[in-house]
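In order, the protein sequence lines correspond to chains V and Y.
For the first sequence, numbering that gives the first Met the number 0 assigns the number 0 to the initial residue and increments by one for each residue that follows.
For the second sequence, numbering that gives the first Met the number 0 assigns the number 0 to the initial residue and increments by one for each residue that follows.
Glycine is no exception: its CB is placed at the ideal position from the N, C-alpha and C atoms.
Below: the structure, in structure tokens.
Protein chains: 2
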Amino acid sequence: MKEYCKFESALDILVGKWKPAILLQLISNGIMRFGELQKAIPDINKKMLTQQLRELEHNNIVHREVYNQIPPKVEYSISEYGKGLSTVLKALNDWGTAHMKHMDALYGVDRSESEPKG
Amino acid sequence: MKEYCKFESALDILVGKWKPAILLQLISNGIMRFGELQKAIPDINKKMLTQQLRELEHNNIVHREVYNQIPPKVEYSISEYGKGLSTVLKALNDWGTAHMKHMDALYGVDRSESEPKG
DNA sequence: CGTTAAGGTAACCTTTTAGTGACTACGTTA
DNA sequence: TAACGTAGTCACTAAAAGGTTACCTTAACG
């Protein structure tokens, strides 16, 4: 039963308020510029976008391509290595979809209001 | 490519500093009392243990069985529904294990020191 | 000479999470 | 009568995560 002992390290690279949104954008759209990501994720600000992208880059999930020109141009995309996440994301997504239904059945449609936090 | 859009909701129920540890204990050991969990996870405190267990219970992942006796006895276990998480946890674990090796290869063994955060 | 463009960074502030220590209930044992 | 044991809660503090605003760079455009 000790076969799950490393799942925390996978979780680590996925947590962060905006990482799911960023990954979704890059998976859906392929190569995107900084500004495009910013427009696609309306409530994010530059600092957070930069920060989350840097973390994903550090984990080798996204690739950052800098064009040395003025004004600057920087492109982001899912790296080859990062594409290996798709299995995990799929598993999470499938379970998550089912779980939302399960929660609806238990508590009714308004899930977010009934969660105990803090 | 929109097949990943719900993975965030799965992530939500897994995040929390102590949830991986708690799930691991309950998966490995089956039924456990509050005090046993506390001993098994040395650095957790009662408040956090209670809180994280309550969240897992709310999401129907763990079952809480109260015995009406003095001193109190409360047992926790993974619910039948919660066992459905195993596929996800396995996927996360497998990827996480590989990712740790990948990071070692990129940055050397001392991963934790080289992560950019904040 | 002033403005715009893109992709940031630095200093600072707010909100959310996590952690601490004291306290409670109540039947049993010493 | 006092202390023990279990499973908590409460009020409070500390730390981490997230957010805001101002500012930087440098070429080109008017």
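Contact set for residue 50(V): own chain, Cβ-Cβ below 6 angstroms, skip 5 residues either direction: By 1-based counting over the first sequence, the position of residue 50(V) is 51. Here the set comprises nothing.
Within chain V, partners of residue 99(Y) - CB distance below 7 angstroms: Position 100 of the second sequence, counting from 1, holds the residue named residue 99(Y). By Cβ distance, chain V contributes 5, 8.
Three or more C-beta pairs below 8 angstroms linking the stretch 67 to 78 of chain Y and the stretch 1 to 18 of chain Y: no
Closest Cα partner of residue 60(Y) within the set 15(V), 101(V), 107(V): Along the second sequence, read from residue 1 onward, the residue named residue 60(Y) stands at position 61. When only C-alpha atoms are compared, the closest one is 101(V).
C-beta neighbour in chain Y for residue 41(V), strict 7 angstroms: Your numbering for residue 41(V) matches position 42 in the first sequence. No, its Cβ sits nowhere closer than 7 angstroms to a Cβ of chain Y.
Interface flag, residue 94(Y) vs chain V, CB-CB below 7 angstroms: Working through the second sequence from its first residue, we reach residue 94(Y) at position 95. Cβ-Cβ to chain V under 7 angstroms: yes for residue 94(Y).
Proximal chain Y residues relative to residue 67(V), where beta-carbon distance stays under 8 angstroms: Residue mapping note: residue 67(V) aligns to position 68 of the first sequence, counting from 1. Those within 8 angstroms of residue 67(V) in chain Y number zero; the least Cβ separation is about 23 angstroms.
Nearest-angstrom Cα separation, counted from residue 94(Y) out to residue 103(Y): For the purposes of this step, residue 103(Y) is taken as the residue at position 104 of the second sequence. For the purposes of this step, residue 94(Y) is taken as the residue at position 95 of the second sequence. The straight-line gap from Cα to Cα measures roughly 14 angstroms.
Test: residue 14(V) CB closer than 7 angstroms to a CB of chain Y: As a working mapping, residue 14(V) is identified with position 15 in the first sequence. Yes, its Cβ sits closer than 7 angstroms to a Cβ of chain Y.
The stretch 19 to 29 of chain V in contact with the stretch 41 to 55 of chain V per 3-pair CB rule at 8 angstroms: yes
For residue 15(V) and residue 54(V), believed in contact at Cβ under 8 angstroms, the rounded distance: Position 55 of the first sequence, counted from the first residue, corresponds to residue 54(V). Position 16 of the first sequence, counted from the first residue, corresponds to residue 15(V). Going by Cβ atoms, the distance from residue 54(V) to residue 15(V) rounds to 6 angstroms, so yes, they are a contact pair.
Sequence-distant residues of its chain with Cβ nearer than 7 angstroms to residue 112(Y) (five each side left out): Stepping through the second sequence from its first residue, residue 112(Y) is reached at position 113. With a pLDDT of 44 at residue 112(Y), under the threshold of 50, the predicted position of this residue should be treated as unreliable, and no value is reported.
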